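Everything on this sheet refers to the single structure shown next.
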Amino acid sequence: MSEGLAFDDLVVPLRTLRLLAADFGHLPAPTVSISPIYPERLELSLHSDLPGFEAWREALGIAPEDVSHRVQRDGRTQVLRTATAYAGAELELVGYGDIPASAQVEAAV
Numbered sequence: 012m013s014e015g016l017a018f019d020d021l022v023v024p025l026r027t028l029r030l031l032a033a034d035f036g037h038l039p040a041p042t043v044s045i046s047p048i049y050p051e052r053l054e055l056s057l058h059s060d061l062p063g064f065e066a067w068r069e070a071l072g073i074a075p076e077d078v079s080h081r082v083q084r085d086g087r088t089q090v091l092r093t094a095t096a097y098a099g100a101e102l103e104l105v106g107y108g109d110i111p112a113s114a115q116v117e118a119a120v
């Protein structure tokens, strides 16, 4: 944990967020997370919005093969995750989406 950090010490992800807002303000609004625990990281997460995740991934120029996929909540939620460097920050992009009940049943068989 990063003890004794000032708000100024988060300038890299804050500056990156400002640039993203200026350059990609037309994209779906993500949940934004900046933490003194990881002072160089900016996390953008899109809940129940995998198309929004894809729009951000494409805009950031992240290749589809650089995205990891996993399933959580007993097979009810899929999670897409990727990370890239952007404007000096470590940018983490996360998308959450519901798995249709029909797909859950098929997976259980």
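Numbers 12 to 120, taken from our numbering, label the letters of the sequence shown in order.
Even glycine gets a Cβ: it sits at the ideal position worked out from N, Cα and C.
Predicted model, so just to flag it, every value in this text is computed and none were measured.
Sort out for me which residues DSSP pairs S59 with in a bridge.
Paired residue(s): none; S59 is not in a bridge.
DSSP on V22, reduced to helix/strand/coil?
helix
In three-state DSSP terms, what is A100?
strand
Among A17, L16, G106, which residue has its Cα nearest to the Cα of G63?
G106
For T93, count neighbouring C-beta atoms within 10 Å of its own C-beta (all shown protein chains included) and say buried if the count is 16 or more, exposed if not.
buried
Cβ neighbour criterion (16 or more within 10 Å) applied to R68:
buried
What's the call for E76, buried or exposed, on a 16-neighbour Cβ count within 10 Å?
exposed
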